[in-house]
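In the UniProt record's numbering, the protein residues as written are 1 to 382.
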């Protein structure tokens, strides 16, 4: 457990929250914009470095506030350019953040919870159970840490991080308020100025919160589908027993309709050998999604110890993709990235060791780009 200071952590405050904070300490609201730029544009966590803020206010802030991101436990860089950070959050648990470069795009995959309560059968995070929700500061702090590591401060148009996806550890819609605040900061010009089209939230299907999402934000949406019928999906994704496919897809269509633009749902489908990769499954999927404008991202399973599942053959993956494409679907197959640093989809971070740290086994953050084409070259892989 990380000791708390009792000070207000400004890192996770949205613009309205920051203005309210300055109101509460008898300061002008414009100070909110000044301080937010220092934090998010310049990566500053030292109030003394905020040179356009009066010394008296800097001293006041030092007494009552702080800018504190998660503790970086480790940072690894793959031979393919993928980066992975393991960070420790206030609960004492560790979570992962993964950066995936692809041409001019850099996608950062962010965690929302330590552990997960949904217990999807093929996901190692679910095997750990739920530990804690991340605070808004811990969610946006992953972007803050990554941005600084690239030297992308001050923020420029030619930035390293162009897309952010809420697809790491945890179910984002079960940490709703903190995730919403963090995503607002991602898109705010006083934060990271990322387009709403390039911020994506992925859900396993918490139907009431999908409907609630539309009242608060208009980011892109991805659905972790993984099965084309209720019987199989209830085995793989237990929340399906509460919110079956017809109900789930209705909620996704309602959300996408609120965006008022030609934006489509991204459907994620992890291919498991001899489980959900048959020709009949592809045909069921075609029928299931016929009324849902979408693009499909196929994810070959990356085995982890004692999972009980295997990766399908390349021929089976290609056959499944071709069947969907023949019916007019936009289908990509995700490229495996960062295997040499255990950052590929479904891999574990392994052991994090030193004399003061407890070991943690964590799932790697899922690496879907908001435009679902980071893996387009995999379609022609042998």
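Glycine is no exception: its CB is placed at the ideal position from the N, C-alpha and C atoms.
Here the structure is a predicted model, which is why all the values come from computation and not from measurement.
- CA-to-CA, the gap between residue 101 and residue 5 works out to about 36 angstroms.
- Contact check for residue 144 against residue 193 fails: the beta carbons are separated by 8 angstroms or more.
- DSSP, reduced to helix, strand and coil, places residue 44 outside both helices and strands of the structure shown, so it counts as coil.
- Excluding its 5 nearest sequence neighbours in each direction, residue 178 has C-beta neighbours in its own chain below 7 angstroms: 133, 134, 135, 136, 139, listed in chain order.
- Counting along the chain, residue 130 sits inside the beta strand (DSSP E) bounded by residues 130 to 133.
- In this structure, 172 is the residue among 172, 191, 55, 119 with its C-alpha nearest to the C-alpha of residue 200.
- In terms of Cβ geometry, residue 207 and residue 174 do not form a close pair [threshold 8 angstroms].
- For the 8 angstroms CB-CB criterion, residue 118 and residue 202 do not form a contact.
- Under the three-state reduction of DSSP, residue 68 is assigned to coil, being neither helix nor strand.
- For residue 223, the uninterrupted beta strand (DSSP E) segment begins and ends at 220 to 224.
- Taking the Cα positions, residue 290 is about 29 angstroms away from residue 309.
- Contact check for residue 86 and residue 114: beta-carbon distance about 12 angstroms, past the 8 angstroms limit, so the pair fails to qualify.
- In this structure, 141 is the residue among 55, 105, 141 with its C-alpha nearest to the C-alpha of residue 90.
- Less than 8 angstroms divides the Cβ of residue 110 from the Cβ of residue 165.
- Annotation: residue 209 to residue 189 spans about 26 angstroms, alpha carbon to alpha carbon.
- Per the Cβ contact rule, the segment 209 to 220 is in contact with the segment 243 to 260 (3 or more Cβ pairs under 8 angstroms).
- The beta carbons of residue 181 and residue 14 sit closer together than 8 angstroms.
- DSSP places residue 149 in the uninterrupted alpha helix (DSSP H) bounded by 136 to 149.
- Distances from the alpha-carbon of residue 84 to those of 238, 97, 30 put 97 closest.
- With contacts defined as CB atoms closer than 8 angstroms, residue 163 and residue 107 qualify as a contacting pair.
- The beta carbons of residue 239 and residue 183 sit no closer together than 8 angstroms.
- Within the same chain, Cβ atoms closer than 8 angstroms to the Cβ of residue 131 are found at 91, 93, 113, 114, 115, the five residues on either side in sequence being excluded.
- In the DSSP annotation of this structure, the continuous segment of the beta strand (DSSP E) that includes residue 83 starts and ends at 83 to 88.
- Under the three-state reduction of DSSP, residue 255 is assigned to helix.
- Distances from the alpha-carbon of residue 317 to those of 305, 65, 334 put 334 closest.
- For the pair residue 245 and residue 122, the CB atoms are not nearer than the 8 angstroms cut-off.
- Bridge partners of residue 265 according to DSSP: 294.
- Between residue 28 and residue 22, the CB-CB gap stays under 8 angstroms.
- Residue burial annotation: residue 228 is buried, with at least 16 other C-beta atoms found within 10 angstroms of its C-beta.
- Rounded to the nearest angstrom, the Cβ distance from residue 39 to residue 11 is 6 angstroms, consistent with a contact under 8 angstroms.
- Across the structure, residue 197 and residue 267 are spaced so that their CA atoms are roughly 16 angstroms apart.
- Within the same chain, 276 come within 7 angstroms of residue 232 by CB-CB distance, once the 5 residues on both sides are set aside.
- The Cβ atoms of residue 265 and residue 299 do not sit closer than 8 angstroms to each other.
- Judged by DSSP in its simplified three-state form, residue 105 adopts strand.
- By the neighbour-count criterion, in which a residue is buried when 16 or more other Cβ atoms sit within 10 angstroms of its Cβ, residue 63 is exposed.
- Around the C-beta of residue 287, fewer than 16 other C-beta atoms lie within 10 Å, and the residue is accordingly described as exposed.
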